[in-house]
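In the numbering used here, the protein residues as written are -12 to 262.
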């Protein structure tokens, strides 16, 4: 499932920096991507990012980790609740699985949860220290990730009782009529996708009487990872030495048939100079 989300980002680099180009190569001259499909293009402080939720990786993360960041909805009835959680190294290793990022210690999650009608508003930030290999030298580079978290969570809709039995006759009628002709789907481009506001992009759901933040925090951390980490002391690809400029050519050779005219013109020029 592909969704588009607008996020704010703040990344402070350590010994490395993020390369804004996509043409970096490794030592063998092959193009190398630093991350799995959960990479981002960092060109603006606020922009649209493609969020790829892979069913396999998400299911694996939930299978190997128990929810650690849980807040009961009932605790929000009397007002906002501020929470501080420690992102353990074990939790971070599970969250970063499938990427080339490695944790450099425990992290921190600070958030404020409040109710707005039936919805739950989550605002906060996380602090995570990771290392990523340079896309050129493969040296580990330290990065301090500071993703900002903004979510507006609504209760997940539950199917009404008997909804499946009501839809069964319609399904049988379709089967009797035969398969419908397949329609060609028009190809959509990035320009066709509307840019969402922060509130729209932060909309999601929660189930039951608890708000589980684990999956959301993991997603914000993955989106904060730089796509092309590069050592800051390396020359950028645009600074490559350009070939030397060609030497200025001497005067063009004169056609022997025009040489008498050239001599006359030279005499006239010298005569005018003496006058």
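Virtual Cβ for every residue (Gly too), placed ideally from N, Cα, C.
Problem set entry | Classification of residue 82 by the beta-carbon crowding that lies within 10 angstroms, buried from 16 upward | To locate residue 82, count along the chain shown from 1; it is residue 95. With 16 or more other Cβ atoms within 10 Å, it is buried.
For this session: Measure the alpha-carbon distance for residue 213 versus residue 97 and round it to whole angstroms.
Result: Numbered from its first residue, the chain shown carries residue 213 at position 226. Numbered from its first residue, the chain shown carries residue 97 at position 110. Going from the Cα of residue 213 to the Cα of residue 97 covers about 22 Å.
For this session: Within its chain, find whatever has a CB closer than 6 Å to the CB of residue 68; leave out the 5 residues flanking it on each side and keep chain order.
Result: The residue given as residue 68 occupies position 81 in the chain shown. These residues qualify, in order along the chain: 62 and 100.
Problem set entry | Same chain only: Cβ atoms within 7 Å of residue 73, ignoring 5 sequence neighbours per side | Numbered from 1 along the chain shown, position 86 holds the residue referred to as residue 73. Taken in chain order, the residues that qualify are 93 and 95.
For this session: Identify the continuous beta strand (DSSP E) that holds residue 132 and give its terminal residues.
Result: Counting from 1 along the chain shown, the entry for residue 132 is found at position 145. Residues 127 to 132.
For this session: Please report how far the alpha carbon of residue 28 lies from the alpha carbon of residue 140, in whole angstroms.
Result: Taking the chain shown and counting its residues from 1, one reaches residue 28 at position 41. Taking the chain shown and counting its residues from 1, one reaches residue 140 at position 153. Residue placement at residue 28 is flagged as unreliable, the pLDDT there being 36, under the threshold of 50; the coordinate-derived value follows with that caveat. Near 26 Å, if we compare the C-alpha coordinates of residue 140 and residue 28.
Exercise. How many angstroms separate the CA atom of residue 243 from the CA atom of residue 253?
Worked result: In the chain shown, counting from the first residue as 1, residue 243 sits at position 256. In the chain shown, counting from the first residue as 1, residue 253 sits at position 266. When only Cα atoms are considered, residue 243 and residue 253 end up about 15 Å apart.
For this session: May I ask you to list the residues that DSSP assigns as paired with residue 141?
Result: In the chain shown, residue 141 corresponds to position 154, counting from 1. In the DSSP secondary-structure assignment, residue 141 is bridged to 192.
Problem set entry | Residues near residue 115 in its chain [Cβ-Cβ closer than 6 Å; skip 5 each side] | Here the question's residue 115 lines up with position 128 in the chain shown. Around residue 115: 94, 132 and 208.
For this session: Work out the CA separation of residue 78 and residue 128 for me, nearest whole Å.
Result: As a working mapping, residue 128 is identified with position 141 in the chain shown. As a working mapping, residue 78 is identified with position 91 in the chain shown. Computed Cα separation, rounded: 21 Å.
For this session: With DSSP as the reference, please indicate the residues paired to residue 67 in a beta bridge.
Result: Position 80 of the chain shown, counted from the first residue, corresponds to residue 67. Its beta-bridge partners do not exist; DSSP assigns none.
Exercise. Got a sec? Which residues, its chain only, sit under 6 Å from residue 60 by beta carbon, not counting five neighbours each side?
Worked result: Against the chain shown, residue 60 aligns to sequence position 73. Beyond the five residues adjoining it in sequence on each side, residue 60 comes within less than 6 Å, by CB distance, of 196 in the same chain, given in chain order.
Exercise. Going by the beta-carbon positions, is the gap between residue 216 and residue 70 smaller than 8 Å?
Worked result: Against the chain shown, residue 216 aligns to sequence position 229. Against the chain shown, residue 70 aligns to sequence position 83. Going by C-beta atoms, residue 216 is not nearer than 8 Å to residue 70.
Exercise. In three-state DSSP terms, what is residue 56?
Worked result: On the chain shown, residue 56 is found 69 positions in, with the first residue counted as 1. For residue 56, the three-state secondary structure derived from DSSP is coil.
Exercise. Cβ of residue 109 within 8 Å of Cβ of residue 136?
Worked result: If you number the chain shown from 1, residue 109 lands on position 122. If you number the chain shown from 1, residue 136 lands on position 149. In this structure, residue 136 lies closer than 8 Å to residue 109 by Cβ.
Problem set entry | Through-space distance from residue 219 to residue 66, alpha-carbon basis | Within the chain shown, numbered from 1, the residue matching residue 66 stands at position 79. Within the chain shown, numbered from 1, the residue matching residue 219 stands at position 232. Near 46 Å, if we compare the C-alpha coordinates of residue 219 and residue 66.
For this session: Measure the CB-CB distance between residue 192 and residue 142 and report whether it falls below 8 Å.
Result: As a working note, residue 192 is residue 205 in the chain shown. As a working note, residue 142 is residue 155 in the chain shown. Yes; because the gap between Cβ atoms is below 8 Å, this pair is in contact.
Exercise. Across which residues does DSSP place residue 96 in a beta bridge pair?
Worked result: Within the chain shown, the letter at position 109 stands for residue 96. Its beta-bridge partners are 72 and 113.
Problem set entry | Those residues which DSSP pairs with residue 211 across a bridge | Here residue 211 refers to the residue found at position 224 when the chain shown is read from its first residue. None, per the DSSP bridge assignment.
Exercise. Are residue 113 and residue 57 touching if we call contact CB-CB under 8 Å?
Worked result: For the purposes of this step, residue 113 is taken as residue 126 along the chain shown, with counting starting at 1. For the purposes of this step, residue 57 is taken as residue 70 along the chain shown, with counting starting at 1. No, these two residues do not count as a Cβ contact at 8 Å.
For this session: Have a look at residue 111 and residue 221 and give me their C-alpha separation to the nearest angstrom.
Result: Within the chain shown, numbered from 1, the residue matching residue 111 stands at position 124. Within the chain shown, numbered from 1, the residue matching residue 221 stands at position 234. Roughly 35 Å separates the two Cα atoms.
For this session: Check the C-beta distance from residue 107 over to residue 199 and give it rounded, since I have them as a contact under 8 Å.
Result: Here residue 107 refers to the residue found at position 120 of the chain shown. Here residue 199 refers to the residue found at position 212 of the chain shown. The pair is not a contact, with the Cβ atoms about 11 Å apart (cut-off 8 Å).
For this session: Determine the DSSP secondary structure at residue 257, reduced to helix, strand or coil.
Result: Working through the chain shown from its first residue, we reach residue 257 at position 270. In this structure, residue 257 counts as helix in the three-state DSSP scheme.
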